[in-house]
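Residue numbers (my numbering): 14 to 328.
The beta-carbon is built from N, C-alpha and C at its ideal position, and this holds for glycine as well.
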């Protein structure tokens with residue numbers, strides 16, 4: 014049985030390296046008969062891997078996209094590259110991707126051998142990313158804290174508040190929040206007996222205690238709202254406009270700070286998430302094209318205020 018299982022893993026690894034494998038060649042690589050190969054393919058299908066078979070002289074097997082993502086096999090270099098890439102994505106500034114990236118990073122780092130974790134840490138430490146929007150947080154800190162949130166396990170760490178010496182804390186971690194180019198841990202501080210938001214770039218040496226806890230009720234609508242309130246960060250506005258200009262022209266004007274989607278000939282939809290309405294106003298001015306406000310209403314009012322002042326200044 015062990016031999017069959019290891020052969021199935023080897024088969025899966027081969028299918029992930031080539032788009033198409035001739036049946037005879039694949040059986041030869043595995044040193045089995047084509048009949049045994051067919052049985053191994055059936056086992057992979059039972060596990061949820063969509064393996065497609067084709068008949069004829071060019072017949073063979075290929076791994077196709079499925080309804081869900083099955084487990085993947087990665088070699089050492091691929092695993093390191095994925096972990097480093099996910100680490101960069103956690104601080105990319107791309108709206109909505111940070112939390113998904115840290116979940117993926119947590120899953121990868123959790124199963125990495127220690128020798129590969131060291132390579133990941135070294136690469137991230139010696140690499141400068143132009144996409145980083147705030148202080149760099151080590152992948153190990155992100156994943157340790159994320160796992161403690163997921164497992165509802167108490168966490169100990171050293172924390173240096175602004176202008177103060179580090180103090181030892183024990184907390185019940187609730188959620189990680191990416192906001193304003195920084196990562197925050199929302200947790201119930203057992204030292205202060207109150208809810209707190211901790212900046213991860215000021216947090217060192219996180220370690221799970223092994224003690225589980227029953228989650229407390231957060232005194233806010235959600236973790237992001239709690240961080241905004243505790244840090245004084247204004248709520249973000251999602252500005253949506255229809256721009257009467259080609260997609261490429263708008264994308265060049267706004268860069269990575271907005272999402273551009275084609276909406277017909279020489280028109281596109283632009284979405285910008287910003288805590289200030291001034292920046293999307295300036296960006297649309299830089300485009301130099303007509304546009305229609307799709308939302309929110311306060312952005313239209315903001316434009317009227319700007320327009321009134323500009324007309325008055327030119328009058």
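Taking each of 36, 278, 270 in turn and checking the Cα distance to residue 72, the smallest one comes out for 36.
With respect to residue 250, residue 309 sits close: the two C-beta atoms are nearer than 8 Å. Look at residue 293 here: in three-state DSSP terms it is helix. For residue 315, the secondary structure class from DSSP, reduced to helix, strand or coil, is helix. Residue 172 sits close to residue 211, with the two beta carbons spaced by under 8 Å.
One Cα belongs to residue 221, the other to residue 117, and the distance between them is close to 20 Å. Residue 272 carries a strand assignment under DSSP once its states are collapsed to helix, strand and coil. Using a 10 angstroms sphere on the CB of residue 156, the tally of other CB atoms reaches 16 or more, which defines it as buried. Nearest to residue 190 by C-alpha distance, out of 266, 199, 52, is 199.
Taking 8 Å as the cut-off, the beta carbon of residue 285 is found closer than this to the beta carbon of residue 296. Under DSSP, residue 154 forms no beta bridge with any residue. The three-state reading of DSSP puts residue 32 in coil, since its state is none of H, G, I, E or B. When C-beta atoms of the stretch 176 to 194 are compared with those of the stretch 227 to 246, three or more pairs fall below 8 Å, so the two segments count as touching. Shown here, residue 211 sits in a strand according to DSSP, grouped into three states. Taking the CA atoms as reference points, residue 325 sits about 30 Å from residue 271. Residue pairing from DSSP places residue 253 in a beta bridge opposite 284, 308.
At a Cβ-Cβ threshold of 8 Å, residue 181 and residue 195 do not count as neighbours.
Taking a C-beta distance under 8 Å as the contact criterion, residue 29 and residue 76 qualify as a contact pair. The criterion of a C-beta distance shorter than 8 Å is not satisfied by residue 27 and residue 48. Excluding the 5 residues flanking it on each side, residue 319 has same chain C-beta neighbours closer than 7 Å at 294, in chain order. Between residue 290 and residue 254, the beta carbon gap of about 12 Å keeps them out of contact (Cβ cut-off 8 Å). In this structure, the CA atom of residue 34 is about 11 Å from the CA atom of residue 24.
Non-local C-beta neighbours of residue 299 in its own chain, meaning closer than 6 Å and more than five positions away in sequence, comprise 266, ordered along the chain.
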